[in-house]
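Residue numbers (my numbering), protein chains in the order written: chain A, 257 to 613; chain B, 257 to 613. From the three backbone atoms N, C-alpha and C, an ideal C-beta is built for every residue, glycine too. Since this is a predicted model, take the numbers as computed values, not measurements. Please read the structure below before turning to the comments.
There are 2 protein chains.
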Amino acid sequence: MSKFQGNRLNGIKPYVPGEQPKQDNLIKLNTNENPYPPSPNVAKAISSFDAEKFKLYPDYDCTKLREAICQNLTKYEGANVSPKNIFVGNGSDEVIALMFMAFFDSGNSGSPILFPDITYSFAPVWADIFDIPYKTIPLEKDFSIDPEKYCVPNGGTVIANPNAPTGICMSLSDIEIILNANTEKVCIIDEAYIDFGGTTAAALINTYPNLAVVRTFSKSHSLAGLRVGYAIASEELIADIDIVKNSFNSYTVNCLTLVAAEAAIKDREYFEKTRNEIIATREDVSVSLRTMGYYVSESKANFIFVSHPDIKAEIIFNELRSKNILVRYFNKPNIDNCLRISIGTREQMDTLIEALC
Amino acid sequence: MSKFQGNRLNGIKPYVPGEQPKQDNLIKLNTNENPYPPSPNVAKAISSFDAEKFKLYPDYDCTKLREAICQNLTKYEGANVSPKNIFVGNGSDEVIALMFMAFFDSGNSGSPILFPDITYSFAPVWADIFDIPYKTIPLEKDFSIDPEKYCVPNGGTVIANPNAPTGICMSLSDIEIILNANTEKVCIIDEAYIDFGGTTAAALINTYPNLAVVRTFSKSHSLAGLRVGYAIASEELIADIDIVKNSFNSYTVNCLTLVAAEAAIKDREYFEKTRNEIIATREDVSVSLRTMGYYVSESKANFIFVSHPDIKAEIIFNELRSKNILVRYFNKPNIDNCLRISIGTREQMDTLIEALC
Numbered sequence: 257m258s259k260f261q262g263n264r265l266n267g268i269k270p271y272v273p274g275e276q277p278k279q280d281n282l283i284k285l286n287t288n289e290n291p292y293p294p295s296p297n298v299a300k301a302i303s304s305f306d307a308e309k310f311k312l313y314p315d316y317d318c319t320k321l322r323e324a325i326c327q328n329l330t331k332y333e334g335a336n337v338s339p340k341n342i343f344v345g346n347g348s349d350e351v352i353a354l355m356f357m358a359f360f361d362s363g364n365s366g367s368p369i370l371f372p373d374i375t376y377s378f379a380p381v382w383a384d385i386f387d388i389p390y391k392t393i394p395l396e397k398d399f400s401i402d403p404e405k406y407c408v409p410n411g412g413t414v415i416a417n418p419n420a421p422t423g424i425c426m427s428l429s430d431i432e433i434i435l436n437a438n439t440e441k442v443c444i445i446d447e448a449y450i451d452f453g454g455t456t457a458a459a460l461i462n463t464y465p466n467l468a469v470v471r472t473f474s475k476s477h478s479l480a481g482l483r484v485g486y487a488i489a490s491e492e493l494i495a496d497i498d499i500v501k502n503s504f505n506s507y508t509v510n511c512l513t514l515v516a517a518e519a520a521i522k523d524r525e526y527f528e529k530t531r532n533e534i535i536a537t538r539e540d541v542s543v544s545l546r547t548m549g550y551y552v553s554e555s556k557a558n559f560i561f562v563s564h565p566d567i568k569a570e571i572i573f574n575e576l577r578s579k580n581i582l583v584r585y586f587n588k589p590n591i592d593n594c595l596r597i598s599i600g601t602r603e604q605m606d607t608l609i610e611a612l613c
Numbered sequence: 257m258s259k260f261q262g263n264r265l266n267g268i269k270p271y272v273p274g275e276q277p278k279q280d281n282l283i284k285l286n287t288n289e290n291p292y293p294p295s296p297n298v299a300k301a302i303s304s305f306d307a308e309k310f311k312l313y314p315d316y317d318c319t320k321l322r323e324a325i326c327q328n329l330t331k332y333e334g335a336n337v338s339p340k341n342i343f344v345g346n347g348s349d350e351v352i353a354l355m356f357m358a359f360f361d362s363g364n365s366g367s368p369i370l371f372p373d374i375t376y377s378f379a380p381v382w383a384d385i386f387d388i389p390y391k392t393i394p395l396e397k398d399f400s401i402d403p404e405k406y407c408v409p410n411g412g413t414v415i416a417n418p419n420a421p422t423g424i425c426m427s428l429s430d431i432e433i434i435l436n437a438n439t440e441k442v443c444i445i446d447e448a449y450i451d452f453g454g455t456t457a458a459a460l461i462n463t464y465p466n467l468a469v470v471r472t473f474s475k476s477h478s479l480a481g482l483r484v485g486y487a488i489a490s491e492e493l494i495a496d497i498d499i500v501k502n503s504f505n506s507y508t509v510n511c512l513t514l515v516a517a518e519a520a521i522k523d524r525e526y527f528e529k530t531r532n533e534i535i536a537t538r539e540d541v542s543v544s545l546r547t548m549g550y551y552v553s554e555s556k557a558n559f560i561f562v563s564h565p566d567i568k569a570e571i572i573f574n575e576l577r578s579k580n581i582l583v584r585y586f587n588k589p590n591i592d593n594c595l596r597i598s599i600g601t602r603e604q605m606d607t608l609i610e611a612l613c
């Protein structure tokens with residue numbers, strides 16, 4: 257750190273993203289990337305984009321992509337929404353960061369926001385950098401979330417559903433308990449992994465003006481490299497996020513990303529095929545590992561959360577690393593004996609299981 | 257606004273980007289875009305990128321692009337820097353926003369930061385959204401910046417050089433007066449337009465640990481649509497910006513943007529050809545308009561700042577708009593009788609001059 261740091265950085269511990277090794281022969285199961293390439297229509301959309309237009313600023317309203325997202329939600333997810341209910345950003349991390357700024361009070365004037373003690377580890381970092389007080393609620397012993405514990409005074413709530421790194425999903429009725437507990441503060445439901453088996457809360461935005469759902473193209477649409485995420489919420493909440501965006505960086509989404517994401521979300525057949533294959537692989541791997549004596553969470557995500565009664569997670573992590581298989585190990589209380597393993601192709605998971613034998 | 261807005265949004269007036277009309281037959285001289293397409297190597301780099309890799313997160317360290325930027329600075333701009341002196345972000349607006357967070361104190365504990373009353377209009381917005389106190393210093397009557405006026409206690413300084421929307425450039429010796437006036441606080445020099453005739457302060461980072469220079473690929477490299485900007489500063493300042501980035505959004509720069517920007521900066525010949533053409537066009541247009549009785553600033557940017565002694569700027573703006581020529585009008589004190597006109601192609605500027613006759 258330099259002597260020039262402003263007071264905002266006092267005590268800040270930044271998020272540490274999963275390792276992105278430059279080594280080619282690795283089986284990379286550490287950052288929940290999709291093992292399949294994106295829809296072939298993505299490459300077509302990019303190659304047919306006129307490179308001369310790179311000289312122009314992109315559409316900061318992301319109009320066509322918001323329309324495509326909206327059509328998809330209406331057609332396949334039973335959510336009666338309009339493009340005014342959609343905000344698009346530079347990855348769901350940016351979308352959530354902007355929402356923390358838009359909806360949660362800084363300083364000690366309000367109640368703390370609430371999130372689970374074990375969840376996406378960026379949550380406390382955003383709270384700290386934006387000076388938002390927070391309180392963590394312990395998960396149950398089986399790693400589930402008890403919604404009743406969120407029915408206390410709060411400045412907002414943040415739930416990843418399915419939760420990370422456990423993969424465990426909440427029911428919509430449980431989410432509604434949290435939404436009803438404090439109708440004056442925003443509840444963010446981070447659905448980064450929802451496409452792999454959970455039930456989306458998107459349709460609830462018309463009932464709950466305090467609900468904001470966040471999604472990403474990084475996982476189920478195989479576009480982690482292109483950076484695009486979005487929020488689904490009431491028109492009023494979306495307008496608030498827009499105010500924050502336009503007070504931070506007006507043009508956050510790249511012109512190629514806009515056409516790529518549009519092509520991806522319109523290719524429903526490809527999406528379903530690859531998504532279903534990942535779900536089927538996850539179920540098979542879970543059965544195999546349980547047979548081998550491992551605890552495996554009931555995951556609805558594109559990863560599993562695994563531990564062994566006799567072998568320490570860190571030892572398994574290092575052994576896999578030596579065999580060129582990279583998984584994620586969190587050296588944190590309560591989960592320091594667990595590994596998060598992304599679901600790869602059938603072949604990659606066979607190699608993993610062989611390595612674990 | 258919704259009732260859910262957090263206290264951070266109290267009184268916030270977001271930045272309003274220049275109009276991005278969806279109309280095709282416009283001569284668009286309102287957002288300082290480059291009239292020429294990017295280097296042909298950009299399209300080649302994008303089309304040879306393996307679309308399968310979109311499934312993977314991009315290199316969050318932007319290693320290769322930082323190396324290319326560094327080589328360019330060393331070879332052509334006399335700046336003896338290493339990749340550790342470079343930070344890459346999602347457009348220079350994001351880079352500056354992260355720097356405001358990294359270096360300027362929030363709340364009323366410190367001295368206000370200083371910037372000119374007439375400058376890039378995002379400066380007060382960033383200060384407000386991050387709760388950073390600020391004071392504006394009036395420009396001189398000829399729109400120049402008097403560095404002595406910045407030699408007062410402050411929490412940091414922000415100077416666009418060339419300044420926007422005037423296009424007027426400061427000398428390096430004037431910038432050094434500001435850098436020496438407060439060696440304990442960071443001075444941000446926003447060089448978005450430096451390639452069009454100014455002298456960069458980049459080489460000064462080895463002398464002044466409080467200097468941070470910001471650049472963009474949007475203007476002189478014709479990549480506004482791809483979103484990439486960078487900072488040049490001491491290793492310690494760059495590390496601080498990295499802390500903020502990793503507390504906000506770890507993966508801000510898209511995998512295609514990384515290869516596109518690298519291709520653009522490596523094609524020096526194309527860069528010089530298009531840049532020189534814009535400079536030559538600007539000089540010719542300035543002479544023509546002065547002959548016609550207009551005041552035209554001594555611009556070192558890819559735009560000119562123009563007013564007429566007898567005709568109100570707003571009237572000229574509307575008349576040009578009716579002729580399908582879009583320029584930028586700022587309805588703000590001291591500059592409400594001026595227009596900012598981006599430098600287009602020779603043909604576009606001929607049409608403009610004809611319309612103004």
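Residues near residue 420(B) by beta carbon distance below 6 Å, same chain, minus five either side
Cβ neighbours of residue 420(B) beyond the five flanking positions: 376.
Counting contacts by CB-CB distance shorter than 8 Å, is residue 390(B) in contact with chain A?
By this cut-off, residue 390(B) is not an interface position.
Taking Cβ positions only, does residue 568(B) come closer than 8 Å to chain A?
Judged by the 8 Å Cβ criterion, residue 568(B) is not in contact with chain A.
Contact criterion: CB-CB distance below 8 Å. Does residue 257(A) meet it with respect to chain B?
With 8 Å as the cut-off, residue 257(A) counts as an interface residue toward chain B.
What's the C-alpha gap between residue 465(A) and residue 287(B)?
Answer to the nearest angstrom: the Cα atoms are 36 Å apart.
Output the residue ranges of the beta strand (DSSP E) runs that lie fully inside the segment 345-405 of chain A and measure 3 residues or longer, sorted by chain position.
Inside the segment 345-405 of chain A, DSSP marks whole beta strand (DSSP E) runs of 3 or more residues at positions 369-372 and 390-393, from first to last along the chain.
With 8 Å as the limit, tell me which residues of the segment 479-490 of chain B have their beta carbon closer than that to any beta carbon of chain A; keep them in chain order.
Near chain A, meaning a CB-to-CB distance below 8 Å, the residues of the segment 479-490 of chain B are 479, 480, 481, 482, 483 and 490.
In whole angstroms, what is the alpha-carbon distance linking residue 310(A) and residue 478(B)?
C-alpha separation (whole angstroms): 7 Å.
Segment contact, 8 Å Cβ cut-off, at least three pairs: the segment 475-489 of chain B with the segment 582-590 of chain B:
Segments in contact, no.
Whose Cβ in chain B lies nearer than 7 Å to the Cβ of residue 600(A)?
Within 7 Å Cβ-Cβ: nothing; residue 600(A) doesn't reach chain B, min ~11 Å.
Counting only Cβ-Cβ distances shorter than 8 Å, please list the residues of the segment 352-365 of chain A near chain B, keeping chain order.
Per Cβ criterion, the list reads 353, 357, 358, 359, 360, 361, 362, 363 and 365.
Can the beta-carbon of residue 352(B) be found closer than 8 Å to that of residue 470(B)?
It is a contact, given that the beta carbons lie within the stated cut-off.
With respect to the beta strand (DSSP E) encompassing residue 526(A), which residues constitute its N-terminal and C-terminal limits?
Where residue 526(A) is concerned, there is no enclosing beta strand (DSSP E), although the alpha helix (DSSP H) it sits in stretches over 524-547.
Find out if the Cβ-Cβ distance for the pair residue 342(B), residue 497(B) is shorter than 8 Å.
In this structure, residue 342(B) lies away from residue 497(B), with their beta-carbon atoms at least 8 Å apart.
Mind checking if residue 329(A) is an interface residue toward chain B, Cβ cutoff 8 Å exclusive?
With 8 Å as the cut-off, residue 329(A) does not count as an interface residue toward chain B.
Please check if any C-beta of chain B sits within less than 8 Å of the C-beta of residue 496(A).
So, interface residue.
Given a threshold of 16 other Cβ atoms within 10 Å of its Cβ, counted over all protein chains shown, does residue 296(A) qualify as buried or as exposed?
Residue 296(A) sits exposed, since fewer than 16 C-beta atoms from the chains shown fall within 10 Å of its C-beta.
So, residue 372(B) versus residue 392(B), is the Cβ gap smaller than 8 Å?
Less than 8 Å separates the beta-carbon of residue 372(B) from that of residue 392(B).
Among the residues of its own chain, which have a CB less than 7 Å from the CB of residue 570(A), if the five just before and after it don't count?
Only 585 meet the Cβ criterion.
Where does residue 279(A) land, buried or exposed, given buried means 16+ other C-beta within 10 angstroms?
Exposed, by the Cβ-count rule.
List, in order along the chain, the chain A residues whose C-beta lies closer than 7 Å to that of residue 513(B)?
The contacting residues are 510.
With a Cβ-Cβ cutoff of 8 Å, do residue 403(A) and residue 454(A) count as a contact?
It is not a contact, given that the beta carbons lie outside the stated cut-off.
Should residue 414(B) be labelled buried (16 or more other beta-carbon atoms within 10 Å of its own) or exposed?
Classification for residue 414(B): buried.
Using a threshold of 8 Å, state whether the C-beta atoms of residue 365(A) and residue 303(B) are closer than that.
For residue 365(A) and residue 303(B), no; Cβs fall outside 8 Å.
Would you call the segment 329-348 of chain A and the segment 504-517 of chain A touching, i.e. three or more CB-CB distances under 8 Å?
Short answer: they touch.
Going by the DSSP bridge assignment, what does residue 455(A) pair with across the sheet?
Answer by DSSP bridge pairing: none, since residue 455(A) is not bridged.
Considering only C-alpha positions, which residue in the set 524(B), 532(B) and 334(B) is nearest to residue 462(B)?
Nearest C-alpha to residue 462(B): 334(B).
Ordered along the chain, which non-local residues of its own chain (more than five positions away) have a Cβ less than 7 Å from that of residue 437(A)?
Excluding residues within five positions, the ones whose Cβ falls inside 7 Å are 406 and 407.
Comparing C-alpha positions only, which one of 299(B), 275(B), 313(B) and 306(B) sits nearest to residue 472(A)?
The candidate whose alpha carbon is nearest that of residue 472(A) is 313(B).
Can you list, in chain order, the residues of its chain whose CB lies under 6 Å from that of residue 557(A), leaving out five sequence neighbours each side?
Cβ contact annotation for residue 557(A) (same chain, cutoff 6 Å, sequence separation greater than five): 418, 423, 449 and 452, in chain order.
Residue environment, residue 411(B), which counts as buried when at least 16 other CB atoms sit within 10 Å:
Buried, because 16 or more other Cβ atoms sit within 10 Å of the Cβ of residue 411(B).
Which partner residues of residue 636(A) appear in the DSSP bridge assignment?
Since the first and last residues shown for chain A are 257 and 613, residue 636(A) lies out of range.
When you compare only the Cα positions, how much space is there between residue 259(B) and residue 442(A)?
Within the model, the alpha-carbon separation for residue 259(B) versus residue 442(A) is close to 10 Å.
Measure from the C-beta of residue 290(B) to each C-beta in chain A and report whether the shortest distance is under 8 Å.
Against chain A, the CB of residue 290(B) has a partner CB under 8 Å away; the residue lies at that interface.
Go through its chain and collect everything with a Cβ distance to residue 492(A)'s Cβ below 8 Å, but skip five positions before and after it.
The residues are 465.
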